[in-house]
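*Asks:* Pasting a structure below so you can have a look.
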Amino acid sequence: NKIKVEGNQIETAFYRVKVDDETGIVEVFDKAGNLLLNGNEIVIEDEVGDLYYHRSRFSPELIKSESGEGFQYGSFKPKGFRLEEENSRVKVTFETEYYCLTWPYRLKER
Numbered sequence: 556n557k558i559k560v561e562g563n564q565i566e567t568a569f570y571r572v573k574v575d576d577e578t579g580i581v582e583v584f585d586k587a588g589n590l591l592l593n594g595n596e597i598v599i600e601d602e603v604g605d606l607y608y609h610r611s612r613f614s615p616e617l618i619k620s621e622s623g624e625g626f627q628y629g630s631f632k633p634k635g636f637r638l639e640e641e642n643s644r645v646k647v648t649f650e651t652e653y654y655c656l657t658w659p660y661r662l663k664e665r
């Protein structure tokens, strides 16, 4: 039951986990190489409303995701990535920052 760490991949007797060091998105594969999970992606959505009513201003588009989908509205920048081996486990730490410049004004023609 040894855990093997090589680059950005973690492998056990049953699974192989791959972490994208640019986005932090994790993919989990079984030993046959079948993709079991592709997840943990941060998605920024734009909803307006209150407790009883809400809607997306840009529906069905999302503003931005870590994989790069969405409007060219801002960008995720990786800040840090590391795999830490601790006894019988491996800890994945990924830090990211989101940079965006918005203007709270709307241009009106007069």
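Just so you know, we're using our numbering here: the sequence shown kicks off at 556 and counts up by one. Beta carbons: idealized from backbone N, C-alpha and C, even for Gly.
1. In terms of residue numbering, what span does the beta strand (DSSP E) encompassing T578 cover?
2. Keeping to the same chain, check which residues put their C-beta closer than 8 Å to that of Q564; ignore five residues upstream and five downstream.
3. Label F569 either buried or exposed according to how many other C-beta atoms from any shown protein chain fall within 10 Å of its C-beta, with 16 as the threshold for buried.
4. Give the DSSP-derived three-state secondary structure of F649 in the structure shown.
5. With H, G and I counted as helix, E and B as strand and the rest as coil, what does DSSP make of N593?
6. DSSP state of K557, grouped into three classes?
7. Looking at V645 and V581, is the spacing between their C-beta atoms short of 8 Å?
8. What does the Cβ neighbour count give for P659, buried or exposed, with the cut at 16 atoms within 10 Å?
9. Verify whether the separation of the beta carbon atoms of F631 and D576 is less than 8 Å.
*Replies:* In this structure, then:
1. Following the DSSP letters along the chain, one finds T578 in no beta strand (DSSP E), marked with neither H nor E.
2. Excluding residues within five positions, the ones whose Cβ falls inside 8 Å are R571, V572, K573 and V574.
3. F569 is exposed by the Cβ-count criterion.
4. DSSP places F649 in strand when its eight states are reduced to three.
5. It is a strand residue.
6. Note: K557 maps to coil in three-state DSSP.
7. No. Outside cutoff.
8. In this prediction, P659 has a pLDDT of 48, which is less than 50 and means its spatial position is unreliable; what the coordinates show is noted afterwards. Classification for P659: exposed.
9. No Cβ-Cβ contact shorter than 8 Å links F631 with D576.
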